[in-house]
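What follows is a set of notes on a single structure, which appears directly below.
In our numbering, the protein residues as written are 383 to 695.
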């Protein structure tokens, strides 16, 4: 692999634009072009960053080594599938796919083609920079909250696949094992869930894209104290008897300053160095599996509530 990776971006919306700018800013990449079914939107972004516009996806694939898929979630699988078949390294924004079967197809293709498949769970890099999970100990309780007002983005999938899936990926970093019991309630835009893992840890999740107030927080309770993170105010409280590597106050790690930029550069570095992705397809599949269990549990809860209402009517 040459010193510069020829890259392309699929999707000229908000996330696609962010990815395109990170590629354009990287000395390790040469951003070749942008593809979007909305050709005017693609042209506007391409002009802004000095790249080309491609009217057909296969034409873009013919010119590049690697591609980011940042189009609507329901298109992730098919776009990634085509790119992998073409032998390209692929960075897929979350979710990796919408079904486990589709995720498995992508994992098999990446392995068969000998290419990198990375998933956009970039907040993993933030926890890693903070020294989390703490070495040698596991929390017995965790709470995650991710709420905000409607933005009009990501609405082709429910809030679990759009927002909560970030936290479902983070909880998997703590080595909880398999989910033993899953309960959930809510709707397409607001969902609360509780997952009890095989080791006994109890983890709760709240996600909303209809909230007046914004919140992005995580807490982990250990036998000897707790760690609380507020990602919006960038504050960290640690009463556990283990020191984290750093905190938000230092902002010394690139992942704390620019998680997406760090993630994109990690993807490029993996390609150049021939190393596995730091957040690979298996990680994306694991988060998707938890998300699927929560959506199924929510559907069962809603069906039970409807039956109860009918019995009481």
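Heads up, the beta-carbon is just placed ideally off N, CA and C, and yes, glycines get one too. The structure presented is a predicted model; accordingly, all values stated were derived computationally and were not measured.
Problem set entry | Own chain, CB closer than 8 angstroms to residue 387, minus 5 neighbours either side, in chain order | What you label residue 387 is simply residue 5 of the chain shown in a count that begins at 1. The beta carbon of residue 387 sits closer than 8 angstroms to the beta carbons of 410, 411, 412, 447, 448, 471, 650, 653, 654 from its chain, once the five residues preceding and following it are set aside; these are given in chain order.
Problem set entry | Exposure label - residue 692; buried when at least 16 CB within 10 Å | Taking the first residue of the chain shown as position 1, residue 692 is located at position 310. In this prediction, residue 692 has a pLDDT of 38, which is less than 50 and means its spatial position is unreliable; what the coordinates show is noted afterwards. Flag for residue 692 reads exposed.
Problem set entry | Proximity below 7 angstroms, CB of residue 590 to CB of residue 576 | Position 208 of the chain shown holds residue 590. Position 194 of the chain shown holds residue 576. No; because the gap between Cβ atoms is not below 7 angstroms, this pair is not in contact.
For this session: Could you check the C-alpha separation between residue 597 and residue 528 for me, to the nearest Å?
Result: Within the chain shown, residue 597 is the residue found at index 215, counting from 1. Within the chain shown, residue 528 is the residue found at index 146, counting from 1. Rounded to the nearest angstrom, the two C-alpha atoms are 5 angstroms apart.
Exercise. Can you tell me where the beta strand (DSSP E) with residue 590 in it begins and where it stops?
Worked result: Translated into positions along the chain shown, residue 590 becomes position 208. It spans 584–590 - the beta strand (DSSP E) in which residue 590 sits, taken as one unbroken run.
Problem set entry | Helix, strand or coil at residue 422 [DSSP, three-state] | Start at 1 with the first residue of the chain shown, and residue 422 comes out as number 40. It is helical.
Problem set entry | Residue environment, residue 594, which counts as buried when at least 16 other CB atoms sit within 10 Å | One-based indexing of the chain shown puts residue 594 at position 212. So residue 594 counts as exposed.
For this session: In angstroms with no decimal places, state the Cα-to-Cα distance between residue 502 and residue 685.
Result: Your numbering for residue 502 matches position 120 in the chain shown. Your numbering for residue 685 matches position 303 in the chain shown. If I take the Cα positions, the gap works out to 33 angstroms.
Exercise. Which one or two residues does DSSP pair with residue 656 in a beta bridge?
Worked result: Within the chain shown, numbered from 1, the residue matching residue 656 stands at position 274. Bridge partners of residue 656: none, in fact.
Problem set entry | Span of the beta strand (DSSP E), counted from its first residue to its last, around residue 471 | Within the chain shown, numbered from 1, the residue matching residue 471 stands at position 89. Where residue 471 is concerned, the enclosing beta strand (DSSP E) starts and stops at 471–474.
For this session: Count the other C-beta atoms from every protein chain shown that fall within 10 angstroms of the C-beta of residue 396, then say buried if there are 16 or more, exposed otherwise.
Result: Along the chain shown, one-based indexing puts residue 396 at 14. Residue 396 is exposed by the Cβ-count criterion.
Problem set entry | Endpoints, beta strand (DSSP E) assigned at residue 451 | The count along the chain shown starts at 1 and reaches residue 451 at position 69. DSSP places residue 451 inside the beta strand (DSSP E), whose first and last residues are 448–451.
Exercise. When burial is assigned at 16 or more other CB atoms within 10 Å of the CB, is residue 444 buried or exposed?
Worked result: In the chain shown, counting from the first residue as 1, residue 444 sits at position 62. Looking at its Cβ environment, which holds fewer than 16 other Cβ atoms inside 10 Å, residue 444 is exposed.
Problem set entry | Between the CA atoms of residue 480 and residue 440 - distance to the nearest angstrom | For the purposes of this step, residue 440 is identified with residue 58 of the chain shown, where counting begins at 1. For the purposes of this step, residue 480 is identified with residue 98 of the chain shown, where counting begins at 1. Residue 440 and residue 480: Cα-Cα distance of roughly 23 angstroms.
For this session: Could you check the C-alpha separation between residue 459 and residue 478 for me, to the nearest Å?
Result: Here residue 459 refers to the residue found at position 77 of the chain shown. Here residue 478 refers to the residue found at position 96 of the chain shown. The straight-line gap from Cα to Cα measures roughly 7 angstroms.
Problem set entry | Limits of the unbroken beta strand (DSSP E) element including residue 611 | On the chain shown, position 229 is the one that residue 611 refers to. Membership of residue 611 in the beta strand (DSSP E) is indicated by the continuous run 607–612.
Exercise. Beta carbon of residue 684: closer than 6 angstroms to some heavy atom of the ligand NAD?
Worked result: Among the components of this structure there are no ligands whatsoever, and the ligand NAD is therefore not found.
Exercise. Whole-angstrom Cβ separation of residue 442 and residue 466, contact assumed at under 8 angstroms?
Worked result: For the purposes of this step, residue 442 is identified with residue 60 of the chain shown, where counting begins at 1. For the purposes of this step, residue 466 is identified with residue 84 of the chain shown, where counting begins at 1. Their Cβ separation, rounded to whole angstroms, is 14 angstroms, which puts residue 442 and residue 466 out of contact at 8 angstroms.
Exercise. Among the residues of its own chain, which have a CB less than 7 angstroms from the CB of residue 671, if the five just before and after it don't count?
Worked result: Start at 1 with the first residue of the chain shown, and residue 671 comes out as number 289. Only residues of its own chain outside the window of five on either side were considered, and among them 482 have a CB closer than 7 angstroms to the CB of residue 671, listed in chain order.
Problem set entry | Beta-carbon proximity check, residue 583 vs residue 558, cutoff 7 angstroms | Residue 583 sits at position 201 when you count from the first residue of the chain shown. Residue 558 sits at position 176 when you count from the first residue of the chain shown. Yes. Within cutoff.
Problem set entry | Run of the alpha helix (DSSP H) containing residue 412, from where it starts to where it stops | Start at 1 with the first residue of the chain shown, and residue 412 comes out as number 30. Premise fails: residue 412 lies in the beta strand (DSSP E), 411–417, not in any alpha helix (DSSP H).
Problem set entry | Straight-line gap, residue 429 to residue 436 (C-alpha atoms, nearest Å) | For the purposes of this step, residue 429 is taken as residue 47 along the chain shown, with counting starting at 1. For the purposes of this step, residue 436 is taken as residue 54 along the chain shown, with counting starting at 1. Distance between the alpha carbons of residue 429 and residue 436: 12 angstroms.
For this session: Check each candidate in 571, 551, 661 and name the one with the smallest Cα separation from residue 500.
Result: Here residue 500 is taken as the residue at index 118 of the chain shown, counted from 1. Relative to the Cα of residue 500, the nearest Cα in the group 571, 551, 661 belongs to 661.
Problem set entry | residue 394 and residue 424 closer than 7 angstroms at C-beta | Taking the first residue of the chain shown as position 1, residue 394 is located at position 12. Taking the first residue of the chain shown as position 1, residue 424 is located at position 42. Annotated as proximal: residue 394 and residue 424, with beta-carbon spacing under 7 angstroms.
Problem set entry | Helix, strand or coil at residue 478 according to DSSP, with G and I counted as helix | To locate residue 478, count along the chain shown from 1; it is residue 96. Under the three-state reduction of DSSP output, residue 478 falls in the coil class, being neither helix nor strand.
Problem set entry | Three-state class that DSSP yields for residue 404 in the structure shown | As a first step, residue 404 is located in the chain shown; it is residue number 22 there, counting from the start. Reduced to three states, the DSSP call for residue 404 is helix.
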